[in-house]
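Beneath this line is the structure, given in structure tokens, with notes to follow.
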Amino acid sequence: AGQERPVLALLDLNTPQGDGRHALRMLRRDDRFKTIPVVILSTSSNPKDLELCYNEGANAYHLKSVDYPEHVRTVRTILEYWLTGVILPTPL
Numbered sequence: 006a007g008q009e010r011p012v013l014a015l016l017d018l019n020t021p022q023g024d025g026r027h028a029l030r031m032l033r034r035d036d037r038f039k040t041i042p043v044v045i046l047s048t049s050s051n052p053k054d055l056e057l058c059y060n061e062g063a064n065a066y067h068l069k070s071v072d073y074p075e076h077v078r079t080v081r082t083i084l085e086y087w088l089t090g091v092i093l094p095t096p097l
């Protein structure tokens with residue numbers, strides 16, 4: 006109690022530190038994080054990746070642009086939508 010929790014998780018599917026799908030599964034299994042929106046960022050447009058992520062509880066899946074300024078715009082749009090455009094559940 007009293008600890009702050011994140012209000013949004015942005016996950017990359019493939020990072021040097023590990024697999025974003027594993028992190029997604031861990032978030033969804035933990036009662037403290039079940040209601041936190043999870044947005045996947047990936048360069049993969051493979052339908053299997055999309056299906057797996059949505060089946061594991063992702064709230065959105067965005068393709069990462071290889072163009073850095075475009076990627077920054079995408080992340081800003083995601084943050085604006087999830088942090089100001091929707092009403093999120095309050096922590097229990």
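Quick note: to get our numbering, add 5 to the position in the sequence shown (first position is 1). Where a beta carbon is used, it is the ideal one built from N, C-alpha and C, also for glycine. What you are looking at is a predicted structure, and each value in this text was computed from that prediction instead of being measured.
Beta-carbon spacing of residue i, residue j below 9 angstroms
i, j, result
"L13", "L68", "no"
"D17", "S50", "no"
"E61", "R81", "no"
"P21", "F38", "no"
"I92", "V44", "no"
"R26", "C58", "yes"
Range covered by the alpha helix (DSSP H) that runs through residue i
i, result
"I83", "Y73 to E85"
"A28", "G25 to R34"
Spatially closest choice to residue i from the options, by CA coordinates
i, options, result
"P52", "Y66, P42, T40 and V44", "Y66"
"D54", "S70, R33 and D24", "D24"
"L15", "A28, E9 and D35", "A28"
For residue i, the residue or residues it bridges with in DSSP
i, result
"N19", "D24"
"V44", "L15 and A65"
Residue range of the unbroken beta strand (DSSP E) whose run includes residue i
i, result
"L55", "Run containing L55: none in the beta strand (DSSP E); it sits in the alpha helix (DSSP H), P52 to N60."
"A65", "A65 to L68"
CB-CB length for residue i against residue j, believed under 8 angstroms
i, j, result
"N19", "P42", "So it is not a contact: roughly 21 angstroms between Cβ atoms."
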